[in-house]
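Novice:
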Amino acid sequence: MKGHVFRPLWVTLGLVGLIFIARYFIVPPDFGIGERGYMYGWYRKGNEEEWKAFKIKHNTMQYCKDCHPDQSKKIKASKHAKVQCENCHGPSVDHPEKPQKLNINRDRELCLRCHAYLPYRPARYAELPTGAITLKMQEPDQHNPGIECVTCHSVHDASFK
Amino acid sequence: MNQSRREFLKTGFKTILATGFSIGVFETLRPEVLAALKKEEGLRWAFVVDTTKCIGCGMCVKACKLENEIPYDVNVTRTWVERYVMTKDGRIYADSPKGARDGFIKNDPMGVTVKKEDIDKGFFVPKLCNQCENPPCVQVCPVGATYQTADGIVLVDRTWCIGCGYCIMACPYGVRFFHPVYRVAEKCNFCYHRIKKDMKPACVDACSFGARLIGNIRDPWDSVSRIIKTERTAVLKEEFGTKPHVFYLGLDSIVR
Numbered sequence: 105m106k107g108h109v110f111r112p113l114w115v116t117l118g119l120v121g122l123i124f125i126a127r128y129f130i131v132p133p134d135f136g137i138g139e140r141g142y143m144y145g146w147y148r149k150g151n152e153e154e155w156k157a158f159k160i161k162h163n164t165m166q167y168c169k170d171c172h173p174d175q176s177k178k179i180k181a182s183k184h185a186k187v188q189c190e191n192c193h194g195p196s197v198d199h200p201e202k203p204q205k206l207n208i209n210r211d212r213e214l215c216l217r218c219h220a221y222l223p224y225r226p227a228r229y230a231e232l233p234t235g236a237i238t239l240k241m242q243e244p245d246q247h248n249p250g251i252e253c254v255t256c257h258s259v260h261d262a263s264f265k
Numbered sequence: 196m197n198q199s200r201r202e203f204l205k206t207g208f209k210t211i212l213a214t215g216f217s218i219g220v221f222e223t224l225r226p227e228v229l230a231a232l233k234k235e236e237g238l239r240w241a242f243v244v245d246t247t248k249c250i251g252c253g254m255c256v257k258a259c260k261l262e263n264e265i266p267y268d269v270n271v272t273r274t275w276v277e278r279y280v281m282t283k284d285g286r287i288y289a290d291s292p293k294g295a296r297d298g299f300i301k302n303d304p305m306g307v308t309v310k311k312e313d314i315d316k317g318f319f320v321p322k323l324c325n326q327c328e329n330p331p332c333v334q335v336c337p338v339g340a341t342y343q344t345a346d347g348i349v350l351v352d353r354t355w356c357i358g359c360g361y362c363i364m365a366c367p368y369g370v371r372f373f374h375p376v377y378r379v380a381e382k383c384n385f386c387y388h389r390i391k392k393d394m395k396p397a398c399v400d401a402c403s404f405g406a407r408l409i410g411n412i413r414d415p416w417d418s419v420s421r422i423i424k425t426e427r428t429a430v431l432k433e434e435f436g437t438k439p440h441v442f443y444l445g446l447d448s449i450v451r
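Protein chains in written order, with this note's numbering: chain R, 105 to 265; chain A, 196 to 451.
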């Protein structure tokens, strides 16, 4: 047989071989079929660990109460017991190192998220251990517009100053 | 009655066999044994959203965006809250300004002031990734950058995603979006970094109203799986066959 007949075959085989060699270097060793099979689990296993290592920013009241026991006890006894510190104080991340001071949101708009009157907003609040209460709602345009709520109201014990 | 010894032994043996068999059947049909036979062990995350408790404060959306480093002022979000208002003349107002990042503080669904006496019903519906058992978004990925873990969470590999956007189009719930910073597909993953450290997702922690719950659907004593098994729950777009794992209490048929 003449050599030129087989030449395209060798070239093709060589290219396929090159693809396999390149694939060996490009595809990570942990890439393959996971627990959910080929259709849903064809992935790089190491990525799961990367997601697990993602930084937590909201450490919840469990974290706050160690250094701020007075404030956390106060709010736990109030009608705001189920409101997380970080909802108004912002994510604690690595506080007290970074950030050293949290940026407290005292805006009227923040309070209104729950306390603005909407005709379709459920008025019954049953999340407190002491039993169901009525959710306090105000017409924002009629109830001292323009003044920050914290001027008269105390947030930590959900009452007046 | 005349009975031979052989006859007596035969009947007695048959009776014992029949009794033993029927007791055995009842034993295997016990719910616990049947559940064990299904070989569904371990962990499978599921979510319950109680729409009757949601008041639309949007604290969950704010917490999610800050927790998961989603650019705060860009109009993309992993979870959002929708407001539905149905008036007496049959109109449906549905909106979610900025995904309810700043909550709902005005009675202006779709920019219209709706009078109280005109309203038939109105409610809020939080939305997030359904972590489907058959996720269409994973099927369409051409490079294996999105996948489902053994405990049912659909994740995106940011180093592997090429940003083609097939998955964004494939999700029937519109949960996926393009991350403007990393330039890859982005989605809710039930705060995988938190639930793997025995914490709750940021949205669940931020909710003061108990409208969001997370748990293990395979644990029969888990509070979430008890709600799913004993209460009247519904899922979104069941007809798509995706088997979503976010279960809604008090879901109205006008919710899409």
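By construction, the Cβ of each residue, glycine as well, lies at the ideal position given by its N, Cα and C atoms.
Could you spell out the range, first to last residue, of the beta strand (DSSP E) harbouring residue 444 of chain A?
Specialist: Note, residue 444 of chain A: beta strand (DSSP E), 441-444.
Novice: Counting only beta-carbon atoms, is residue 389 of chain A nearer than 8 Å to chain R?
Specialist: Chain R, which has a Cβ nearer than 8 Å to the Cβ of residue 389 of chain A, makes this yes.
Novice: Would you call the stretch 332-346 of chain A in contact with the stretch 262-279 of chain A, where contact means no fewer than 3 C-beta pairs closer than 8 Å?
Specialist: No, the stretch 332-346 of chain A does not touch the stretch 262-279 of chain A.
Novice: Output the boundary residues of the beta strand (DSSP E) element that contains residue 245 of chain A.
Specialist: Residues 240-245.
Novice: Which residues in chain A have a C-beta closer than 8 Å to the C-beta of residue 160 of chain R? List them in chain order.
Specialist: By Cβ distance, chain A contributes 262, 388, 389, 392 and 394.
Novice: Where does the unbroken alpha helix (DSSP H) through residue 117 of chain R begin, and where does it stop?
Specialist: Counting along the chain, the alpha helix (DSSP H) containing residue 117 of chain R begins and ends at 107-130.
Novice: Who are the Cβ neighbours of residue 250 of chain A in its own chain at under 7 Å, not counting the five residues just before and after it?
Specialist: Hits under 7 Å: 319 and 404.
Novice: Does any C-beta atom of chain R lie closer than 8 Å to the C-beta of residue 343 of chain A?
Specialist: Judged by the 8 Å Cβ criterion, residue 343 of chain A is in contact with chain R.
Novice: Please return the same chain residues whose Cβ sits closer than 6 Å to the Cβ of residue 162 of chain R, not counting the five positions on each side in sequence.
Specialist: So the list reads 190 and 195, once near-sequence residues are dropped.
Novice: When you compare only the Cα positions, how much space is there between residue 414 of chain A and residue 303 of chain A?
Specialist: Using only the alpha carbons, I get a separation of about 42 Å.
Novice: Who are the Cβ neighbours of residue 459 of chain A in its own chain at under 8 Å, not counting the five residues just before and after it?
Specialist: The question about residue 459 of chain A has no answer, for chain A in this structure spans 196 to 451.
Novice: Measure the C-alpha to C-alpha separation of residue 268 of chain R and residue 132 of chain R and round it to an integer number of angstroms.
Specialist: Outside the shown range of chain R, which is 105 to 265, sits residue 268 of chain R, and nothing can be said about it.
Novice: Rounded to a whole number of angstroms, what is the C-alpha to C-alpha distance between residue 226 of chain R and residue 445 of chain A?
Specialist: If you take the alpha carbons of residue 226 of chain R and residue 445 of chain A, they lie about 13 Å apart.
Novice: DSSP state of residue 282 of chain A, grouped into three classes?
Specialist: Strand at residue 282 of chain A.
Novice: Give me the Cα-Cα distance between residue 309 of chain A and residue 294 of chain A, rounded to the nearest whole angstrom.
Specialist: One C-alpha to the other measures close to 20 Å.
Novice: So, does the CB of residue 164 of chain R fall closer than 8 Å to a CB anywhere in chain A?
Specialist: It does; some Cβ of chain A falls within 8 Å.
Novice: Would you be able to state if there are at least three C-beta pairs under 8 Å between the stretch 338-346 of chain A and the stretch 245-255 of chain R?
Specialist: Segments in contact, no.
Novice: Locate the alpha helix (DSSP H) running through residue 341 of chain A, then write down its first and last residues.
Specialist: Note, residue 341 of chain A: premise wrong, no alpha helix (DSSP H); beta strand (DSSP E) at 341-343.
Novice: To the nearest angstrom, how far is the alpha carbon of residue 406 of chain A from that of residue 123 of chain R?
Specialist: Spanning the two alpha carbons is a distance of roughly 53 Å.
Novice: Measuring CB atoms only, is the stretch 200-209 of chain R touching the stretch 214-226 of chain A, in the sense that at least three cross pairs come out at less than 8 Å?
Specialist: No, because fewer than three Cβ pairs between the stretch 200-209 of chain R and the stretch 214-226 of chain A fall closer than 8 Å, the two stretches do not touch.
Novice: For the beta strand (DSSP E) containing residue 399 of chain A, list its first residue and its last residue.
Specialist: No beta strand (DSSP E) contains residue 399 of chain A, which is instead part of the alpha helix (DSSP H) from 397-401.
Novice: Do we get a CB-CB distance below 8 Å when we pair residue 244 of chain R with the residues of chain A?
Specialist: Yes, contact with chain A.
Novice: Do the stretch 359-374 of chain A and the stretch 197-213 of chain A touch if we need at least three Cβ pairs shorter than 8 Å?
Specialist: The stretch 359-374 of chain A vs the stretch 197-213 of chain A: no contact.
Novice: Hey, is residue 324 of chain A's beta-carbon within less than 8 Å of any beta-carbon in chain R?
Specialist: No, its Cβ sits nowhere closer than 8 Å to a Cβ of chain R.
Novice: Checking the sheet assignment: what are the DSSP bridge partners for residue 275 of chain A?
Specialist: Paired residue(s): A:322.
Novice: Alpha carbon to alpha carbon, what distance is there between residue 223 of chain A and residue 205 of chain A?
Specialist: Rounded to whole angstroms, residue 205 of chain A to residue 223 of chain A spans 27 Å at the Cα level.
Novice: Would you mind sorting residue 178 of chain A into buried or exposed? The rule is 16 or more other CB atoms within 10 Å of its CB.
Specialist: Any property of residue 178 of chain A remains undetermined from this structure, which presents chain A solely from 196 to 451.
Novice: Grouping DSSP H, G and I as helix and E and B as strand, with all else coil, what is residue 448 of chain A?
Specialist: It is coil, neither helix nor strand.
Novice: Please give the ranges of any beta strand (DSSP E) in the stretch 406-431 of chain A, keeping only runs that are unbroken, at least 3 residues long and fully inside the region.
Specialist: Listed in chain order, they are 407-411.
Novice: Quick check on DSSP: helix, strand or coil for residue 242 of chain R?
Specialist: Correct three-state label for residue 242 of chain R: strand.
Novice: Answer with buried or exposed for residue 232 of chain R, where buried requires no fewer than 16 other C-beta atoms within 10 angstroms of its C-beta.
Specialist: Burial call: exposed.
Novice: Whether or not the stretch 153-161 of chain R and the stretch 387-400 of chain A are in contact is what I'm after, with contact meaning three or more pairs of Cβ atoms, one per stretch, closer than 8 Å; do they touch?
Specialist: Judged by Cβ distances under 8 Å, the stretch 387-400 of chain A makes contact with the stretch 153-161 of chain R, as three or more pairs qualify.
Novice: Exposed or buried, which one is residue 153 of chain R when buried takes at least 16 other CB atoms within 10 Å?
Specialist: Residue 153 of chain R should be labelled exposed.
Novice: So if DSSP puts residue 372 of chain A in a beta bridge, which residue, or which two residues, is it bridged to?
Specialist: Looking at the DSSP assignment, residue 372 of chain A forms a beta bridge with A:381.
Novice: What span of residues does the alpha helix (DSSP H) with residue 137 of chain R cover, start to end?
Specialist: That residue, residue 137 of chain R, is in no alpha helix (DSSP H); its beta strand (DSSP E) goes 135-137.
Novice: How would you label residue 343 of chain A, buried or exposed, when you count the other beta carbons within 10 angstroms and need 16 or more for buried?
Specialist: By the neighbour-count rule (16 or more Cβ atoms within 10 Å), residue 343 of chain A is buried.
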